[in-house]
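To keep things clear, I will list the structure first and then write my remarks on it.
2 protein chains.
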Amino acid sequence: MIRLSKLADYGVVLMTRMASRPEGVHNTMDLSLLTGLPTPTVSKVLSKLGRHDLLRSVRGAKGGYKLARSPQNISIADIISAIEGPIALTQCMEHTLGCCDIEPLCPSRYGWQVINDTVRRSLESVSLAEISTQVQLFANRRPGTSASATPVATGELTNG
Amino acid sequence: MIRLSKLADYGVVLMTRMASRPEGVHNTMDLSLLTGLPTPTVSKVLSKLGRHDLLRSVRGAKGGYKLARSPQNISIADIISAIEGPIALTQCMEHTLGCCDIEPLCPSRYGWQVINDTVRRSLESVSLAEISTQVQLFANRRPGTSASATPVATGELTNG
DNA sequence: TTTTAATCAGACCAATTTGGTCCGCTTTAA
DNA sequence: TTAAAGCGGACCAAATTGGTCTGATTAAAA
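Shown next, in the form of structure tokens:
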């Protein structure tokens, strides 16, 4: 399987959660309870998303984070690259041209470029809004406020 | 960045190399020299590709591996999933429905499914043939037979 | 028939990466 | 002024990865 780091996974999950109340301010503690993820980890992810202008932080008491733009204008690629850096399947693709010694000879580079572009474009095509509407179908009986007892809602912490 | 394991990276590189002589039999030693990858590693990757019917092994002296089908009929998704298992960005997506306790409640699953399908489809759309024609442009002055001194040709072993 | 060149499989080990925890600091509403 | 929140970095443990080694098997060539 192609590995997405857990942090990036969490990022998508948290953003999805926040998109269910796009105008609200969400704090770390609540999100931690809702998702079952450890509080400091949630905090770390959120602050990264904040630094990349996907979230806006509200400091002080009653603070938290709110979406910086509407879910329609946030793509999955935005979220992933905020946390993991530029989307690329291999290392040499992370940089732009001109940094690799053997580059003019490297017979793989151009192939990888094709592959990476394809994947990146596909992730750019999926918006947070699309995903969170899917979620609504399953969340709408619980009006999505705070602390539910049911833990764990990531794509990660599950197994067969 | 989305991480592809090195082995999968190598898989793509090796297949690309072999696609430049689609009918030929390629042995581990030659491919190792051509790519700069350690021989046992090449061997491990090739045998995995063989077990998934992308390569056909020819044992004994003068043996090696040859492509099991034409490059047009091999997708990047085939290669990656042969080495890494089913293409999925998160663990719970590796299985088919019905294996996760909280599944009926999991608000993320359906979002991930959308994302994964998008990525998988994009990788299925790129064939080995497309990539190796790109390679030809850069390899055609060296008629692509055996051992060149220039090492390292993966998308991985390079940095900035 | 013997030798040699190749695949094949699996065990083992080392090192990198990852992610979780903890700490103390800053900010602001009540 | 206090308490509740974000902020950021240092540190550590553990899981994953990938490279190495060994030996068995196969088949062509001498």
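Taken in order, these protein sequences are the chains called X and B. According to our numbering, the first sequence is numbered sequentially starting from 12. According to our numbering, the second sequence is numbered sequentially starting from 12. All C-beta atoms, glycine included, are put in the ideal place defined by N, C-alpha and C.
With distances taken between CB atoms, is the gap from Leu48 of chain B to Tyr21 of chain B smaller than 9 Å? As a working mapping, residue 48 of chain B is identified with position 37 in the second sequence. As a working mapping, residue 21 of chain B is identified with position 10 in the second sequence. Yes.
So, using beta-carbon positions, are Asn127 of chain B and Ala99 of chain B closer together than 9 Å? By one-based count along the second sequence, residue 127 of chain B stands at place 116. By one-based count along the second sequence, residue 99 of chain B stands at place 88. Cβ distance < 9 Å, so Asn127 of chain B and Ala99 of chain B count as in contact.
Using only the alpha-carbon positions, how far apart do Arg80 of chain B and Val23 of chain B sit? Taking the second sequence and counting its residues from 1, the one referred to as residue 80 of chain B is at position 69. Taking the second sequence and counting its residues from 1, the one referred to as residue 23 of chain B is at position 12. Cα to Cα, Arg80 of chain B sits roughly 15 Å from Val23 of chain B.
If you reduce the DSSP assignment to three classes, tell me which class Lys55 of chain B lands in. Taking the second sequence and counting its residues from 1, the one referred to as residue 55 of chain B is at position 44. In this structure, DSSP gives Lys55 of chain B a helical state, which the three-state scheme calls helix.
Which residue comes first and which comes last in the beta strand (DSSP E) that contains Arg28 of chain X? Here residue 28 of chain X refers to the residue found at position 17 when the first sequence is read from its first residue. Not the beta strand (DSSP E): Arg28 of chain X falls in the alpha helix (DSSP H), residues 17–30.
Collapsed DSSP secondary structure at Leu100 of chain X in the structure displayed: Sequence index remark: in the first sequence, residue 100 of chain X carries index 89 (1-based). Coil, per DSSP.
So Asp20 of chain B contacts chain X; which residues on that side make the cut at Cβ distance below 7 Å? Start at 1 with the first residue of the second sequence, and residue 20 of chain B comes out as number 9. Result: Thr101.
Looking only at C-alpha atoms, which of B:Arg32, B:Pro97, B:Ala140, B:Ser143 sits nearest to Arg132 of chain B? What you label residue 132 of chain B is simply residue 121 of the second sequence in a count that begins at 1. Cα-wise, what sits closest to Arg132 of chain B is B:Pro97.
Is the number of C-beta pairs between the segment 26–37 of chain B and the segment 59–75 of chain B that are closer than 8 Å three or more? yes
If Leu15 of chain X sits next to Thr27 of chain B, beta carbons under 8 Å apart, how far is it from one beta carbon to the other, in whole angstroms? For the purposes of this step, residue 15 of chain X is taken as residue 4 along the first sequence, with counting starting at 1. For the purposes of this step, residue 27 of chain B is taken as residue 16 along the second sequence, with counting starting at 1. Rounded, the Cβ-Cβ distance is 25 Å, inconsistent with contact.
Counting only Cβ pairs nearer than 8 Å, list the residues of chain B close to Val125 of chain X. Position 114 of the first sequence holds residue 125 of chain X. What Val125 of chain X touches in chain B: Val137, Glu141, Ile142, Gln145.
For Leu45 of chain X, report the span of its alpha helix (DSSP H) as first-last. For this step, residue 45 of chain X is matched to residue 34 along the first sequence. Judged by DSSP secondary structure, Leu45 of chain X falls within the alpha helix (DSSP H) whose first and last residues are 39–46.
Name the chain B residues that come within less than 8 Å of Glu34 of chain X, Cβ to Cβ? Along the first sequence, one-based indexing puts residue 34 of chain X at 23. None at all; the shortest Cβ gap to chain B is about 19 Å.
What does Arg67 of chain B reach in chain X if we use C-beta pairs closer than 9 Å? Within the second sequence, residue 67 of chain B is the residue found at index 56, counting from 1. Within 9 Å Cβ-Cβ: nothing; Arg67 of chain B doesn't reach chain X, min ~23 Å.
Taking Cβ positions only, does Thr129 of chain B come closer than 9 Å to chain X? Start at 1 with the first residue of the second sequence, and residue 129 of chain B comes out as number 118. So yes, Thr129 of chain B belongs to the interface.
In terms of alpha-carbon separation, which member of X:Leu18, X:Ile13, X:Thr46 lies closest to Met29 of chain X? Taking the first sequence and counting its residues from 1, one reaches residue 29 of chain X at position 18. Per the Cα distances, X:Thr46.
One question on the structure: do Val125 of chain B and Ile142 of chain X come within less than 9 Å of each other, judged by their Cβ atoms? Position 114 of the second sequence, counted from the first residue, corresponds to residue 125 of chain B. Position 131 of the first sequence, counted from the first residue, corresponds to residue 142 of chain X. Yes. Within cutoff.
Please check the pair Val137 of chain B and Ser92 of chain B, which I expect to be a contact at CB under 8 Å, by giving their CB distance rounded to whole angstroms. Residue mapping note: residue 137 of chain B aligns to position 126 of the second sequence, counting from 1. Residue mapping note: residue 92 of chain B aligns to position 81 of the second sequence, counting from 1. Contact flag wrong, Cβ pair sits at about 13 Å.
Closest to Tyr121 of chain X by CA distance: which of B:Tyr121, B:Glu135, B:Ala140 is it? Stepping through the first sequence from its first residue, residue 121 of chain X is reached at position 110. Among B:Tyr121, B:Glu135, B:Ala140, the Cα nearest to that of Tyr121 of chain X is on B:Ala140.
Give the DSSP-derived three-state secondary structure of Leu66 of chain B in the structure shown. Position 55 of the second sequence holds residue 66 of chain B. Strand.
Any Cβ of chain X within less than 9 Å of the Cβ of Ile87 of chain B? What you label residue 87 of chain B is simply residue 76 of the second sequence in a count that begins at 1. Closer than 9 Å: yes.
For my contact list, Leu25 of chain X and Leu42 of chain X are in at a C-beta cut-off of 8 Å; report their separation, rounded to the angstrom. The residue given as residue 25 of chain X occupies position 14 in the first sequence. The residue given as residue 42 of chain X occupies position 31 in the first sequence. That belief holds up - the Cβ atoms of Leu25 of chain X and Leu42 of chain X are roughly 6 Å apart, short of 8 Å.
In terms of DSSP beta bridges, what is Leu78 of chain X paired with? If you number the first sequence from 1, residue 78 of chain X lands on position 67. DSSP output for Leu78 of chain X lists X:Leu66 as bridge partner(s).
C-alpha distance - Thr144 of chain X paired with Asn84 of chain X, whole-angstrom precision: Stepping through the first sequence from its first residue, residue 144 of chain X is reached at position 133. Stepping through the first sequence from its first residue, residue 84 of chain X is reached at position 73. Near 14 Å, if we compare the C-alpha coordinates of Asn84 of chain X and Thr144 of chain X.
Who are the near neighbours of Thr50 of chain X in its chain, counting only those whose CB is closer than 8 Å to its CB and skipping five residues on each side? Along the first sequence, one-based indexing puts residue 50 of chain X at 39. Here Thr50 of chain X has Thr39, Met40, Ser43 as same chain residues with Cβ atoms under 8 Å from its own Cβ, once five neighbours each way along the sequence are excluded.
Less than 7 Å between C-beta atoms, sequence neighbours within five positions excluded: which residues of the same chain meet that for Glu135 of chain X? On the first sequence, position 124 is the one that residue 135 of chain X refers to. Cβ within range, chain order: Ser86, Ala88.
Does any CB atom of chain X fall closer than 9 Å to the CB of Val23 of chain B? Indexing the second sequence from 1 puts residue 23 of chain B at position 12. Closer than 9 Å to some Cβ of chain X, the Cβ of Val23 of chain B qualifies, so yes.
Going straight from the alpha carbon of Trp123 of chain B to that of Arg70 of chain B, what length do you get? On the second sequence, position 112 is the one that residue 123 of chain B refers to. On the second sequence, position 59 is the one that residue 70 of chain B refers to. Each residue's alpha carbon lies about 43 Å from the other.
Using C-beta distances below 8 Å, list every residue in its chain close to Ala19 of chain B, excluding the 5 sequence neighbours before and after it, in chain order. For the purposes of this step, residue 19 of chain B is taken as residue 8 along the second sequence, with counting starting at 1. Cβ within range, chain order: Ile90, Ile91, Ile94, Glu95.
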